[in-house]
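Residue numbers (the numbering used here), protein chains in the order written: chain A, 1273 to 1539; chain B, 9 to 274; chain C, 61 to 414. One structure below.
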Amino acid sequence: MNSLFRSRKWSYSFRTIVFIYFIGLIIIPIIGIYTQSFSTGIASFIDNLSDPLAWKAVLLTLKLAAIATLINIGIGTMIGWVLVRYDFPGKSIINSVIDLPFALPTAVAGFIILLLVGPSSLFYEWFGIDVVFHEPAIVLAMVFVTFPFVIRGLQPLLEELDQSEEEAAYTLGSSKSRTFFQIIFPTMLPGILSGAMLAFSRAIAEFGAVVLISGNIPGKTLVASVYIFGEIESNNPQGAAAVSVLLLTISFLILWFIHKLNRGGQA
Amino acid sequence: MMRRLWITLTYVVVTLLLFVPLYKIFTGAWADGVSGFFDALLRTQSLHALKMTGLIVVIVTVINTLFGVMLSIYLVRATWLSPLVKRLSNSIVDLPFAVSPVIGGLMIVLLLGPNTVLGTLLGNVGVSIVYALPGMVLATLFVTFPIMVREVMPVLQEIGDQQEQAASTLGAYSWYTFWKVTWPNIRFAVMYGVVLTVARSLGEFGAVLVVSGNIINKTQTATTLVYQDVENFNVVAANGIALVLAAFSIMLLLLMEWTKKRKEVH
Amino acid sequence: MHIEVKNLNKEFGSFHAVQDVSFEIEKGKLIGFLGPSGGGKTSILRMLAGLETPTSGDIYFHGKRVNDLPPQERGIGFVFQNYALFKHMTVFDNIAFGLKVKKQNKAFIKERVQYLVELTGLKGFEHRYPHQLSGGQRQRVAFARALAPEPQLLLLDEPFAAIDAKIRTELRTWLKDMISELGITSIFVTHDQEEAIEVADEIMIISKGKLEQKGTPWEIYKNPQTPFVASFIGESSLIEHIQCFKGYEDVSKSDGIKALIRPEYVEVGKPGEIVLASATMDAAVKHLHFRGSEWMVELEVDGQKLITYRSLEKEVLHPGEKVKVLLHRAYLFNDDKSWILENPLKVEPLPIYI
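Rendered as structure tokens:
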């Protein structure tokens, strides 16, 4: 076995296959969509984007994702803090359950929201609030799906924080709140930020959970990903591609920011 | 005192957001009784959809584990790649995470659909990609690609290559060194990656919906069947499938947490 | 000639780590690569192992050119600074690794590993894992593992750098004895001159990528060929104007000559203590440092600093005290040449303080 794989040819062919796979699977499709969206010319690209349904969908997506991210920053920071700094019964169960949105299919998540706050649910009976087929439902779906990001982003940083740093601050006369804001918070911040950016990026891309509960009302509850889906179904791949390109570029920019943030933290 | 407040709030949020949904899904499936649940599950389209999902999960996990581990090794250890290429590739690996699944599906349709050059070429040979299993596998491969790489690369970087160098001075070549020295070190990271990949492929929806055309009994998966059932107001049936999926997800979650702990031990 | 290296060069981009190094090593010798950190010693070692490829130059083992051979085929044993033990294998499996690769039969492997385990004093630890061992024990496993496949050349990269000082001296002696018992050609890298002097048969001083000198520890100490070597071994004081010193007034002023003076060749005493009074000159004691087994004395002569040692048996000196100083020998050098000049005023043979 040893000598069989020792030959140069094997290692060269492994390398080529892996890289063909890598390039063919990731790079080519992404380039493909950029070229396809411009395939009928820049003018039609702009046309596609200026369709009011299109840019309204994009704006709605960005707005709702921002709200969901803010909510997640708030809740996530609190939960992350509680999980790292305190001990209480059920802590490890909660810590494990946090990852549930990563394990659950998004369509199932959407379905559950439908069951919980939809027209035939207890919630609706008790509160009478229309959540489903309205913006709150979308925000709810986005919050659920991106729930773990901020928490998992700040946990390692908070765990790494050396207790002696805090103790040093106390011996130098710093109050608890001052220590928090000047020593602890800055340590958590990169984790919260990168978690938030990941959450935002994921939220604008979310499809499965949203499509089941938003009602997809154009101009009202139609998000970008569902709009793209609609365009594909209506046989308008160029229109779909144009908005896709917009969404992709935003996502890639965010990804680039995150890389920079992490690089800065390691320098 | 503040402490109690935060802990309680945490409990409240987690219960509302995570525990209650789980509970609801488990009870909703029995709304028409046990027979209703099994009826929904044993429909031909249900069985077919579950089979499709199973197939895709297995194929995608095997392929992406293999290629993911190899690419990780190349990106961390290979001396025949320039640092620039490595950095660039490293950034590219993350891209699928930033791509909305629908867009992922769109890309495949645009490149390999029946109206494209490649699509017709392959169609003439009798191979259809879009609206068939290969396309669905491809879409899922794209979406789950970064998972394994992201798990294995940090481990390889952290343990360093000294052990592998030592093995080379003792006469071991690449294959032997990989199995005896590298693999034991990355074992649990790979396991964790496998669980994550399975969970993600199981739950893939948007990309598969676009690429498969959601043709009942032909290219439907469990998740797209749930979607279809909801659209057809067949809530109990949808609930049944969703329950099966949720049950798998919980098992996967448990596996996830178990392997997560093991991979951090060393 | 067992190992021959000709015109070895290694460049990392614009950094010239190893510059035109050539040397020969006889079979069975224990050689130390000594020099400051970053000087290129480890690069040379790794090129001998095949873990790095030279930019240019040739390496020969027993007359055969090995540049193109991978580490697997060079018949070397390598001991890493951080041991690089296989974390997931027991001591036994670590040591047996090189033998299993060669597909030796089980009985042979068991015998050989047992032999090495006893040789390295690790009996009873065969089934422990690396994280259950102390630093010294891990190092010994690393040795045993490297020796198992009977290599023709043993290479050690700063083997004792990560070990406590007390264990270090024990391990050093143990290593030297073991290597001489096995008769295996060995090269080790260190930046600790005491270690090199104590362990090696021959030392190669390597600094800034160049081989400064190769020779036995005594040769290097007695006849340093370059100012760097002279200042590297021992603790010399650098003197700009040697002419201020009694006995050295005739040294030429115009050739840019400087001097290095070892503390061993500086004799200090209260007026009347030194026998050869006529060769002494005045000096002032600037500082005294107690060193556990002797005093370190900092002297000032005509504005220039000298260091020497004084036995605890003699009368204690005090800072500011006026004393007498006798220079026995100075190492003189300028850009072109270097030589040792005994103090011409000495007419009687003197015991040399080391």
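Positions of the beta carbon are idealized from the N, C-alpha and C atoms, including for glycine. All figures in this text were calculated on a predicted structure; none of them were measured in a lab.
Should residue i be flagged as near chain B, meaning a C-beta pair shorter than 7 Å?
i, result
"I239/C", "no"
"H62/C", "no"
"H148/C", "yes"
"L111/C", "yes"
"F288/C", "no"
"F1360/A", "yes"
"P131/C", "yes"
"Q1308/A", "yes"
"V1422/A", "no"
"A1375/A", "yes"
"K119/C", "The sequence given here places Ile at residue 119/C; Lys does not occur at that position. Chain B contact via Cβ: absent."
"L1418/A", "Sequence inspection shows Thr at residue 1418/A; the Leu mentioned does not correspond to that position. T1418/A does not count as touching chain B."
"G316/C", "no"
Give me, in chain order, the residues of the same chain whose beta-carbon lies closer than 6 Å to that of residue i; leave out the 5 immediate sequence neighbours on both sides.
i, result
"V259/C", "R232, K236"
"S1523/A", "S1473"
"D362/C", "C304"
"W266/B", "none"
"F185/C", "V151"
With 16 as the cutoff for other CB atoms within 10 Å, does residue i come out buried or exposed?
i, result
"Y70/C", "Per the sequence presented here, residue 70/C reads as Lys, with Tyr not at that position. Burial call: buried."
"S312/C", "exposed"
"D1434/A", "exposed"
"A39/B", "exposed"
"A106/B", "buried"
"I1299/A", "exposed"
"I1295/A", "exposed"
"P1600/A", "Nothing in the structure corresponds to residue 1600/A, since chain A is present only between 1273 and 1539."
"T190/B", "buried"
Does any CB atom of chain A fall closer than 7 Å to the CB of residue i?
i, result
"V238/B", "yes"
"T124/B", "no"
"S108/B", "yes"
"A255/B", "no"
"W191/B", "no"
"T231/B", "yes"
"H274/B", "For H274/B, the predicted structure reports a pLDDT of 48, less than 50, and the residue's modelled location is therefore unreliable. A value from the coordinates is still provided. Not an interface residue."
"V65/B", "no"
"I194/B", "no"
"P29/B", "yes"
"V214/B", "The question names Val, but residue 214/B in the sequence shown is Gly. Judged by the 7 Å Cβ criterion, G214/B is in contact with chain A."
"A207/B", "yes"
"G143/B", "no"
"M10/B", "no"
Quick one: residues in its chain with C-beta nearer than 7 Å to the C-beta of residue i, no 5 flanking neighbours on either side, listed in chain order?
i, result
"P96/C", "H251, S267"
"V206/B", "V65, T69, L260"
"I81/B", "L164"
"L1527/A", "S1473"
Using a Cβ-Cβ cut-off of 7 Å, state whether residue i counts as contacting chain C.
i, result
"T177/B", "yes"
"Q173/B", "yes"
"Q165/B", "no"
"Y200/B", "no"
"A86/B", "no"
"Y181/B", "yes"
Excluding the 5 residues preceding and the 5 following residue i in the sequence, name in chain order all residues of the same chain whose CB lies nearer than 8 Å to its CB.
i, result
"L30/B", "A254, I258"
"L213/C", "H62, I63, L108, F121, R134, G135, I136, G137, I244, T245, S246, I247"
Tell me, to the nearest whole angstrom, how far the beta carbon of residue i is from that of residue j; I am working on the premise that it is less than 8 Å.
i, j, result
"A1513/A", "S1309/A", "4 Å"
"F152/C", "V173/C", "6 Å"
"H378/C", "V345/C", "7 Å"
Three-pair Cβ contact test at 8 Å for the region 121-131 of chain C versus the region 181-191 of chain C: no
At least three beta-carbon pairs within less than 8 Å, the region 1381-1390 of chain A to the region 1305-1323 of chain A: no
Segment contact flag, the region 205-214 of chain B with the region 11-19 of chain B, C-beta cutoff 8 Å, min 3 pairs: Judged by Cβ distances under 8 Å, the region 205-214 of chain B makes no contact with the region 11-19 of chain B, as fewer than three pairs qualify.
The region 324-332 of chain C contacting the region 384-393 of chain C, beta-carbon criterion three pairs below 8 Å: yes
Contact the region 215-225 of chain B vs the region 111-119 of chain B: 3+ CB pairs below 8 Å: Enough Cβ pairs lie closer than 8 Å, so yes.
At least 3 beta-carbon pairs within less than 8 Å: the region 153-173 of chain B vs the region 41-60 of chain B: Not touching, per the Cβ criterion.
Three or more C-beta pairs below 8 Å linking the region 225-238 of chain B and the region 49-63 of chain B: yes
Any 3 or more C-beta pairs closer than 8 Å across the region 1334-1346 of chain A and the region 1463-1481 of chain A: yes
Given 8 Å, three or more beta-carbon pairs between the region 313-329 of chain C and the region 367-378 of chain C: Yes, the region 313-329 of chain C is in contact with the region 367-378 of chain C.
Three-pair Cβ contact test at 8 Å for the region 1473-1484 of chain A versus the region 229-243 of chain B: yes
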